[in-house]
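Participant: I have a structure I would like to understand better, so I am pasting it below and will then ask my questions one at a time.
Numbering (UniProt numbering), first residue to last: 1 to 362.
Structural data, given as C-alpha cells:
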C-alpha cells in the first residue's frame, strides 16, 4: 500500500516552481535593463561582458519557458515518455549554460581591471568553467553503461559513459561553480583597494561588486540540499523536491545577472540624487522669490534693497573707490515709480539719475 500511495499521490510543485522562476526572471530582467540603459544613456556602449550577460538572459528565458511547459504537460507522473526526457535534458543544459556564461561575464568584466597574473587567474577560471559546462552537457546526452533506462534512441550512439562518472562530473562541476563564485566575489577587493579613491568609496564599490558572495552561499546551500538522500527519495514529495531544485538553479543564474548590474546602476542612483537635489534647490529658490514679490529687477540692477515698512525700494549706489559696502548715495522709489521705470526699461536702457538724487515719494 505504501508503494502504491508513493506512486499515485505525488505532490505537484507546479505553482510554486512557476511563481519562483518567473519572479526571479523578472528581477533579472529589471536589473539587466537598468544596466544596459545606464550604459547607453551615458554613451559608454556595450562591451563583451554585456553581450555575454544578454546571451545568458536569453538562455534563462528559454529555460524557464521549457520548465513551465514541462510542469504543465506531465512532469509530475510515474513514467516520463521520450518527449519529457528530451525536454528535461534540454532545460538542464540551458541551466548549465546560464550558470557558466553569467559567471564568465563577470570574469570578463574583471579582466579590464587586472594586471598580468590576475588576468591569468581569471582566464583559467573562464576556461575551466566552460570545460565543465561542455562535459556536463556531453554526459547528459550520452548513453550510460549497464543502465537500460538510459539507452534511448535520442542519446548519442556508439559508446556509453559510466553512470557513476556522470554523477561525479556533474557534482564536481557544481562544486567548481561554487568555488568560482567565491573567487569572483573576493577578486574586486584586490583590484579596487589600490585605486586612488577614498576608503568609503572603496568599501562601497567593493561591496557592490562582491555581492556574488550571496550567490556562492545560495549555490552551496543548494548543493548540500541536493546531496541530502531524503531529497532523492522516491516518495510523495519526490517531484516537489526536484521541482524546487529548478528554482534553486534559476536563483543562481538570475542572482549572478542581478549582482553584476548593481555596480553599473550606482551611476543611475547618483544621477537621480543629483536631479532630486537640483529640484529641491529650484523649488526653494522659487519659494523665496514668491515670498518677496517687492524685489523687482531694479534691485538686481542697482543693488537696491526693499523697505518693507514704507513699501519703497531704496537704490544704493556703492562707492567702488572707498571701503567696500560704504554708501555714497541712495534713491528712494515708490512702487508706482518702480513700475514706470520697469516699463521704460523694456523699450530702452534705463537712465541712471545723478548720484545723490532723492526721488520724491508718491
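Ideal Cβ positions, reconstructed from N, Cα and C, are used throughout, including at glycine.
1) Taking the alpha-carbon positions, what's the residue 177 to residue 132 distance?
2) By the 10 Å Cβ neighbour count, where 16 or more other Cβ atoms means buried, how is residue 260 classified, buried or exposed?
3) Here's the rule I'm using: 16 or more other beta-carbon atoms within 10 Å means buried, otherwise exposed. How should residue 216 be labelled?
4) Under the three-state reduction of DSSP, which class applies to residue 146: helix, strand or coil?
5) With the cut-off set at 8 Å, would you say residue 102 and residue 33 are in Cβ contact?
6) Grab the span of the alpha helix (DSSP H) containing residue 45 for me, first residue to last.
7) Which residues in the same chain as residue 182 place their Cβ atom closer than 6 Å to its Cβ, once the five residues preceding and following it in sequence are excluded?
8) From the DSSP output, in three-state form, read off residue 157 for me.
9) Quick check on this structure: which residue in 161, 184, 153, 169 has the alpha carbon closest to the alpha carbon of residue 113?
10) Can you list, in chain order, the residues of its chain whose CB lies under 8 Å from that of residue 62, leaving out five sequence neighbours each side?
11) Does the separation of the CB atoms of residue 254 and residue 27 fall below 8 Å?
12) Do you know how far the Cα of residue 78 is from the Cα of residue 235?
13) For the alpha helix (DSSP H) that contains residue 188, what are its first and last residues?
14) Beta-carbon within less than 6 Å of residue 322's beta-carbon, same chain only, minus the 5 sequence neighbours each way: which residues are those?
15) Closest to residue 105 by CA distance: which of 245, 232, 212, 248 is it?
16) Among the residues of its own chain, which have a CB less than 8 Å from the CB of residue 164, if the five just before and after it don't count?
17) Measure how close the beta-carbons of residue 220 and residue 24 come, nearest whole angstrom, since I'm counting them as under 8 Å.
18) For residue 396, which residues of its own chain have a beta-carbon under 7 Å away from its beta-carbon, when the five flanking residues on both sides are left out?
19) Give me the Cα-Cα distance between residue 329 and residue 277, rounded to the nearest whole angstrom.
20) Report back the beta-carbon spacing between residue 246 and residue 67 to the nearest angstrom; my notes put them in contact at under 8 Å.
21) Give the secondary structure of residue 108 by DSSP, where H, G and I count as helix, E and B as strand, and everything else as coil.
22) Per DSSP, what kind of secondary structure is residue 11 in: helix, strand or coil?
23) In angstroms with no decimal places, state the Cα-to-Cα distance between residue 200 and residue 207.
24) Restricting to Cα atoms, I'd like to know which of 16, 40, 70, 9 is closest to residue 264.
25) Buried or exposed: which applies to residue 156, given that a residue is buried once 16 or more other Cβ atoms fall within 10 Å of its Cβ?
26) Put residue 52 into one of helix, strand or coil per three-state DSSP.
27) Could you check what DSSP says for residue 152 in three-state terms: helix, strand or coil?
28) So, helix, strand or coil for residue 75, using DSSP?
29) State the Cα-Cα distance for the pair residue 202 and residue 96, rounded to the nearest angstrom.
30) Under three-state DSSP, which class holds residue 115?
31) Please classify residue 146: is it buried, with 16 or more other beta-carbons within 10 angstroms of its beta-carbon, or exposed?
32) When you compare only the Cα positions, how much space is there between residue 151 and residue 22?
33) Buried or exposed for residue 15, please, with buried defined as at least 16 other CB atoms from any protein chain shown within 10 angstroms of its CB.
34) Under the three-state reduction of DSSP, which class applies to residue 130: helix, strand or coil?
Facilitator: Put simply:
1) Mapped onto the chain shown, residue 177 falls at position 177. Mapped onto the chain shown, residue 132 falls at position 132. Going by the C-alpha atoms only, they are around 9 Å apart.
2) The count along the chain shown starts at 1 and reaches residue 260 at position 260. The residue in question, residue 260, is buried, as its Cβ has 16 or more Cβ neighbours within 10 Å.
3) What you label residue 216 is simply residue 216 of the chain shown in a count that begins at 1. A residue is called buried once 16 or more other Cβ atoms fall within 10 Å of its Cβ, and residue 216 is buried on that count.
4) Here the question's residue 146 lines up with position 146 in the chain shown. Coil.
5) As a working mapping, residue 102 is identified with position 102 in the chain shown. As a working mapping, residue 33 is identified with position 33 in the chain shown. Taking 8 Å as the cut-off, the beta carbon of residue 102 is found no closer than this to the beta carbon of residue 33.
6) Indexing the chain shown from 1 puts residue 45 at position 45. Counting along the chain, residue 45 falls outside any alpha helix (DSSP H), and DSSP gives it neither H nor E.
7) Here the question's residue 182 lines up with position 182 in the chain shown. 216, listed in sequence order.
8) As a working mapping, residue 157 is identified with position 157 in the chain shown. Here residue 157 sits in strand by DSSP.
9) Reading the chain shown from its first residue, position 113 is the one you call residue 113. Among 161, 184, 153, 169, the Cα nearest to that of residue 113 is on 184.
10) Taking the chain shown and counting its residues from 1, the one referred to as residue 62 is at position 62. Counting only Cβ-Cβ distances below 8 Å, and skipping sequence neighbours, we find 94.
11) One-based indexing of the chain shown puts residue 254 at position 254. One-based indexing of the chain shown puts residue 27 at position 27. Contact: yes.
12) Here residue 235 is taken as the residue at index 235 of the chain shown, counted from 1. Here residue 78 is taken as the residue at index 78 of the chain shown, counted from 1. Pairing residue 235 with residue 78, the inter-Cα distance amounts to about 11 Å.
13) Taking the chain shown and counting its residues from 1, the one referred to as residue 188 is at position 188. From DSSP, the alpha helix (DSSP H) with residue 188 extends over 163–192.
14) Taking the chain shown and counting its residues from 1, the one referred to as residue 322 is at position 322. Unreliable placement is indicated for residue 322, whose pLDDT of 47 sits below 50; the coordinate value is still reported in the next sentence. Once the five neighbours on either side are set aside, residue 322 has no close Cβ partner at all.
15) One-based indexing of the chain shown puts residue 105 at position 105. Taking only the C-alpha atoms, the option nearest residue 105 is 212.
16) As a working mapping, residue 164 is identified with position 164 in the chain shown. So no residue of the chain qualifies.
17) Translated into positions along the chain shown, residue 220 becomes position 220. Translated into positions along the chain shown, residue 24 becomes position 24. The Cβ separation is near 18 Å, so there is no contact.
18) Since the first residue of the chain shown is 1 and the last is 362, residue 396 is not available in this structure.
19) On the chain shown, residue 329 is found 329 positions in, with the first residue counted as 1. On the chain shown, residue 277 is found 277 positions in, with the first residue counted as 1. In this predicted model, residue 329 has a pLDDT of only 48, less than 50, meaning its place in the structure is not dependable enough to derive any value.
20) For this step, residue 246 is matched to residue 246 along the chain shown. For this step, residue 67 is matched to residue 67 along the chain shown. Confirmed, Cβ separation roughly 6 Å.
21) Along the chain shown, read from residue 1 onward, the residue named residue 108 stands at position 108. Here residue 108 sits in helix by DSSP.
22) Sequence index remark: in the chain shown, residue 11 carries index 11 (1-based). Residue 11 falls in the coil class under three-state DSSP.
23) As a first step, residue 200 must be located in the chain shown, where it is residue number 200. As a first step, residue 207 must be located in the chain shown, where it is residue number 207. Near 10 Å, if we compare the C-alpha coordinates of residue 207 and residue 200.
24) Locating residue 264 in the chain shown gives position 264, counting from the first residue. Nearest option by C-alpha distance: 40.
25) As a first step, residue 156 must be located in the chain shown, where it is residue number 156. So residue 156 ends up on the exposed side.
26) Start at 1 with the first residue of the chain shown, and residue 52 comes out as number 52. Looking at residue 52 - three-state DSSP - the assignment turns out to be helix.
27) Position 152 of the chain shown, counting from 1, holds the residue named residue 152. Three-state result, residue 152: coil.
28) Taking the chain shown and counting its residues from 1, one reaches residue 75 at position 75. In the three-state DSSP reduction, residue 75 falls in the coil class, being neither helix nor strand.
29) Within the chain shown, residue 202 is the residue found at index 202, counting from 1. Within the chain shown, residue 96 is the residue found at index 96, counting from 1. Cα to Cα, the separation comes out at about 33 Å.
30) Translated into positions along the chain shown, residue 115 becomes position 115. In the structure shown, residue 115 sits in coil (DSSP, three-state: anything other than H, G, I, E or B).
31) Locating residue 146 in the chain shown gives position 146, where the first residue counts as 1. The residue is exposed, with fewer than 16 neighbouring Cβ atoms inside 10 Å.
32) Walking along the chain shown from the start, residue 151 turns up at place 151. Walking along the chain shown from the start, residue 22 turns up at place 22. Answer to the nearest angstrom: the Cα atoms are 34 Å apart.
33) Within the chain shown, numbered from 1, the residue matching residue 15 stands at position 15. By the 10 Å Cβ count, residue 15 comes out exposed.
34) Looking up residue 130 in the chain shown gives position 130. If DSSP states are grouped into helix, strand and coil, residue 130 belongs with the helices.
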